[in-house]
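**Student:**
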């Protein structure tokens, strides 16, 4: 079997939506997919409400922190899922976006 596909979730602050989506995919994919998340303008920490809600779902986000989006992350991804960031999320040619 070949390399695992890489899915990158991107939002502006990487403190909510993209973190939640990445965590859910990690859980559902059961190690068949490599998952990352990042933000074009990352916050200093995850939204506490996100940590709380995900804990209710049995997913621990307490060790995660927002990450700045960079070209290398996009280059490594097979699929980039942008979540409400509009023009704040750069578009890289030859990448599949959802």
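Residue numbers (this note's numbering): 5 to 102. Even for Gly, the Cβ is constructed at its ideal location relative to N, Cα and C.
1) Starting from the Cα of residue 55, find the closest Cα among 10, 12, 8 and 18 and give me that residue.
2) Excluding the five sequence neighbours on either side, which residues of its own chain have a C-beta within less than 7 Å of the C-beta of residue 73, listed in chain order?
3) Are the beta-carbon atoms belonging to residue 71 and residue 39 less than 9 Å from one another?
4) To the nearest angstrom, how far is the alpha carbon of residue 36 from that of residue 29?
5) What span of residues does the alpha helix (DSSP H) with residue 29 cover, start to end?
6) Pull up the CB-CB distance for residue 50 and residue 69, whole angstroms please, since I reckon it's below 8 Å.
**Tutor:** The relevant details are as follows:
1) 18
2) 14, 42, 43 and 44
3) no
4) 10 Å
5) 21-33
6) Right, their Cβ atoms sit about 7 Å apart.
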